[in-house]
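Right, one structure below, let's go through it.
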Amino acid sequence: MNALLKTLRTAPLSARIGMALIAAYAVVALLAPLLAPYPEAAIVGAKYLPWSAEHWLGTDMLGRDVLSRMIYGARNTVGIALLTTLLAFALGAGTGLLAATLGGWFETTSSRLVDVLMAVPSLIFALLILTIAGTSVVALVLVIAVLDSTRVFRLSRAVAQGILTMDYIEVARMRGEGLGWIIRREVLPNASAPLIAEFGLRFCFVFLFISALSFLGLGLQPPTADWGSMVRESAKLIAFANFSSWQAATFGLAPLLPAGAIALLTVAVNLVVDWVLHLSSGLKE
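Quick note: the sequence shown uses full-length UniProt numbering, first residue 1, plus one each step.
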């Protein structure tokens with residue numbers, strides 16, 4: 001615990017800012033029912049009300065409170081993106097390390113399957129599968145996890161192949177260590193630095209991918225609050241934006257709020273990932 005606190009105290013300003021932003025997003029996501037002034041899908045007023053003391057960010061096209069939906073959107077969008085990234089990493093990294101260690105037919109078969117999946121553009125493939133299988137949360141998580149696991153597979157396999165040529169791997173094999181022990185105790189610790197960086201990047205890509213699908217209407221479905229769908233729903237209000245009155249100006253800001261939340265979290269994660277990668281690589285200033 002003391003070592004962790006000491007490491008956090010030595011973090012650069014950029015990493016501290018990133019961690020503070022991520023912590024703020026996490027608090028909002030976890031405490032969404034307590035922080036939101038209104039229920040997620042409740043119609044609480046007339047449509048397109050301007051910002052006021054009653055509705056801090058106004059209302060949307062159905063009269064739902066925008067601030068409440070922004071808060072619930074943090075739980076839905078970020079939570080599903082994190083779950084999808086964890087699943088993609090478990091599938092991709094596990095298969096990639098196993099393929100590099102086993103070699104032979106397993107490596108050849110898994111590599112060719114990954115090549116086939118990567119040959120098809122991810123967005124087109126996801127749109128096709130979700131159109132056929134439906135737009136449930138389970139289908140969304142599974143489709144994106146499988147697509148993103150191909151990138152993790154390629155990286156983990158390449159990193160593991162370089163590690164498996166080292167002398168200490170040969171010594172472990174000569175001692176009679178099993179496959180699981182070699183992967184868990186020798187390969188995985190030495191592959192942690194690039195995999196940690198890849199996890200942060202994958203989370204950002206998955207987060208943006210889910211928002212893009214929601215913007216296109218195939219992500220999280222109404223009445224579930226999602227930042228991507230909120231951008232789509234409020235994009236038409238840009239036409240009302242002008243600076244002649246503050247009420248009209250708020251219409252133009254409506255689509256920028258969820259878009260800004262997406263961009264801010266992406267930047268925060270990358271700031272922390274850069275610092276964690278620096279620590280894991282053992283580089284000195």
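Beta carbons: idealized from backbone N, C-alpha and C, even for Gly.
Every value quoted in this text rests on a predicted model; they were computed, and no experiment measured them.
Cβ neighbour criterion (16 or more within 10 Å) applied to residue i
| i | result |
| --- | --- |
| PHE199 | buried |
| THR59 | buried |
| GLY228 | buried |
| SER234 | buried |
| ASP148 | buried |
| TYR168 | exposed |
| ILE132 | exposed |
Residue i - DSSP class collapsed to helix/strand/coil
| i | result |
| --- | --- |
| ARG16 | helix |
| ASP115 | helix |
| THR135 | coil |
| THR95 | helix |
| THR59 | strand |
Residue closest to residue i, alpha-carbon to alpha-carbon, out of the options
| i | options | result |
| --- | --- | --- |
| ALA36 | ALA46, ALA23, HIS55, GLY18 | HIS55 |
| GLY103 | MET230, ALA158, SER192 | ALA158 |
| LEU216 | ARG232, PRO222, PHE203, ASP226 | ARG232 |
| ILE80 | GLY96, ARG9, LEU113, VAL143 | VAL143 |
| ILE71 | GLY45, LEU31, ALA90, LEU83 | LEU31 |
| LEU21 | CYS204, ILE129, LEU127, THR266 | THR266 |
| ASN270 | ILE196, LEU34, LEU188 | ILE196 |
| VAL78 | LEU113, VAL27, PRO12 | VAL27 |
| SER111 | THR150, GLY219, LEU86 | THR150 |
Host alpha helix (DSSP H) of residue i (start-end)
| i | result |
| --- | --- |
| TRP227 | 227 to 234 |
| SER68 | 66 to 73 |
| PRO33 | 32 to 35 |
*Sequence ranges, beta strand (DSSP E) only - wholly within the region 129 to 200, length at least 3*: Whole beta strand (DSSP E) segments, 3+ residues: zero.
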